[in-house]
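Enquirer: First to last, the protein sequences are chains A and B.
First residue of the first sequence: 1, per the numbering used here; consecutive thereafter.
First residue of the second sequence: 77, per the numbering used here; consecutive thereafter.
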Amino acid sequence: MKSKSLQELVKKIFGDEKTKSQFMANPDSVLSRFDLTEQEKKAVLNIHAKLGLVTTDSQQLEATIDPTANWFSPTL
Amino acid sequence: MWQERQAELLREEMEAFLAPLSDATGLYNLLKESLNKDIQRLSNESGHSHYWPLLPLIVCEAISGRCEHAIPAAATLQLIKAAAEVFDDIEDADSSESLSTIYGSAVATNVATTLLILAEKGITRLKGKGVEDYIIVYVMDTINSFYTTASVGQHLDLSRIPGIAVSEDAYLETVGMKSASTVECACCTGALLATANQELIDTFVLFGHNLGMAAQIANDVLGITSGSDIMKSRITLPIIYALTQTGGKARNKLESAFGKQPESKPDTVQIRDLLFRSGAIHYATIKMEFYKQQALAILLEAEEAGVNVKRLKLFLE
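This is the structure we're talking about:
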């Protein structure tokens, strides 16, 4: 299931400094500008709270990645 | 600990599955070797609380309070998983430690085929657990149906033209068939051995789907952070996002790493950095969390229907 709004939100946060600052200061306000479902909003906020959406680096992410990541053979 | 008890029951059941071949020492040892990684994982205290082949036991117990009925089914899925991994290694031919590299593809094919036959044979052990014949047939049909779907997903994946990025929808559909269907199967099997309530069984199929999708996307993210998918030019969710949402030099760089004729040694650090800066990794991570949220919502609904979901929630933590 593709979410165009979710793609637009991430593109805006990572491509526009002003939106990035606004998101860091008040994520809910930025989220309200996009047509996201409640579960999409919750997913964005959870990841932001857990990893710091716009500041995470590779090592930080790898250290916290879901233990289910090794369930499947990495052939895809 | 309950996880240790379930892991021990599953290990014992797998031994019983292999027992008819214990005199055929050479083959028996290769079968054990192909299962070793999973057996070690079952022995690893920290590993098995998130180990999907235990899901039939956990789901069955969540609904009915007893996991014994589901043990042969869980062992069957474990053997099918091991067979699929041997076949995958034969197809990919990219692991120096695989059975096919060490013993050759003919021997590996025979080992994988034997695992599948033993898996199918093992389902009949449900009879010894007091499961009625019509339910045993239902379990066999369910497992074969889900793994037919997984095979179709695998075929779609293998049929992809290298370097041509698929749409996100097509990608999610393929991973849903290829990967998530196996977790759906584990949950469905556990549920139908515990209840005749079709609505509840369907609830657990949906839970398994969302859990499986989250696990596959977590695998995609790890493939980028570890660099392995960049080295192998694998087009996964973060790459699909980046190829559609970036332009200019960034896109050119990605196309040279993941296009029709990818660089033989891409700069993994540079590509990884690009994927972080574009938000591609974060997009995939959010999608993973989205599927986990959906799985959690399904569990909460099941909880309201009287299912004890405490242990299943561990998979979402």
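We put the CB at the ideal spot given by N, CA and C, even for glycine.
Only a predicted model underlies this, so the values are computations on that prediction, with no experimental measurement involved.
1) Looking at the C-beta of residue 78/B, does it have a partner C-beta in chain A at a distance below 8 Å?
2) Pick out whichever of 355/B, 313/B and 381/B has its Cα sitting closest to the Cα of residue 242/B.
3) Just curious, the alpha helix (DSSP H) that residue 52/A is in, first and last residue?
4) Answer yes or no: does any C-beta atom of chain A fall closer than 8 Å to that of residue 291/B?
5) Throw me the rounded Cβ distance for the residue 371/B and residue 280/B pair, which I believe falls under 8 Å.
6) At a Cβ threshold of 8 Å, is residue 76/A touching chain B?
7) Where does residue 128/B sit, in a helix, a strand or coil, going by DSSP?
8) Is the segment 106-120 of chain B touching the segment 216-229 of chain B, taking contact as three or more C-beta pairs under 8 Å?
9) For residue 131/B versus residue 211/B, is the C-beta spacing smaller than 8 Å?
10) Of the choices 271/B, 99/B, 234/B and 156/B, whose alpha-carbon is the least far from that of residue 90/B?
11) Would you mind sorting residue 364/B into buried or exposed? The rule is 16 or more other CB atoms within 10 Å of its CB.
12) Going along chain A in order, which residues have a C-beta closer than 9 Å to the C-beta of residue 353/B?
13) Once you ignore the five residues that flank residue 194/B on each side, which residues in its own chain have a CB closer than 7 Å to its CB?
14) Checking contacts by CB at 8 Å: is residue 328/B closer than that to chain A?
15) Kindly list, in the order they appear in chain B, the residues whose Cβ is closer than 7 Å to that of residue 43/A.
16) Against residue 40/A, what residues of chain B qualify as contacts under a CB-to-CB distance less than 7 Å, listed in chain order?
17) Just tell me which of 221/B, 348/B and 168/B has its CA closest to the CA of residue 253/B.
18) Rounded to whole angstroms, what's the CA-CA distance from residue 22/A to residue 12/A? Just pull it up for me.
19) Quick one: grab the DSSP three-state call for residue 297/B.
20) By DSSP, does residue 77/B sit in helix, in strand, or in coil?
21) Is DSSP giving residue 16/A helix, strand or coil here?
22) Can you check whether the C-beta of residue 375/B is within less than 8 Å of a C-beta belonging to chain A?
23) Is the segment 376-392 of chain B touching the segment 126-141 of chain B, taking contact as three or more C-beta pairs under 8 Å?
24) When the cut-off is 8 Å and only beta carbons count, does residue 358/B lie next to chain A?
25) Which one of 362/B, 271/B, 330/B and 376/B has the shortest CA to CA distance from residue 146/B?
26) Listed in chain order, which residues of the segment 19-30 of chain A have Cβ atoms closer than 8 Å to some Cβ of chain B?
27) How many angstroms separate the CA atom of residue 343/B from the CA atom of residue 32/A?
28) When you compare each of 24/A, 14/A and 39/A to residue 49/A by their alpha carbons, which one comes out closest?
29) Tell me which residue opens and which closes the alpha helix (DSSP H) that residue 157/B is part of.
Expert: The answer reads as follows:
1) no
2) With distances taken between Cα atoms, residue 242/B lies closest to 313/B.
3) From DSSP, residue 52/A is part of no alpha helix (DSSP H); its letter is neither H nor E.
4) Contact of residue 291/B with chain A is assigned, a C-beta pair being separated by under 8 Å.
5) With a Cβ gap of about 11 Å, residue 371/B and residue 280/B do not count as contacting.
6) Confidence at residue 76/A is low in this model, with a pLDDT of 34, below 50, so its placement is unreliable and the value that follows should be read with caution. Cβ-Cβ to chain B under 8 Å: yes for residue 76/A.
7) helix
8) no
9) no
10) 156/B
11) buried
12) Neighbours of residue 353/B across chain A, judged by C-beta separation under 9 Å: 14.
13) 93, 94 and 155
14) no
15) 362, 365, 366 and 369
16) 366
17) 221/B
18) A direct Cα-Cα distance of roughly 11 Å separates residue 22/A from residue 12/A.
19) Helix at residue 297/B.
20) coil
21) coil
22) no
23) yes
24) yes
25) 271/B
26) none
27) 38 Å
28) 24/A
29) 147-168
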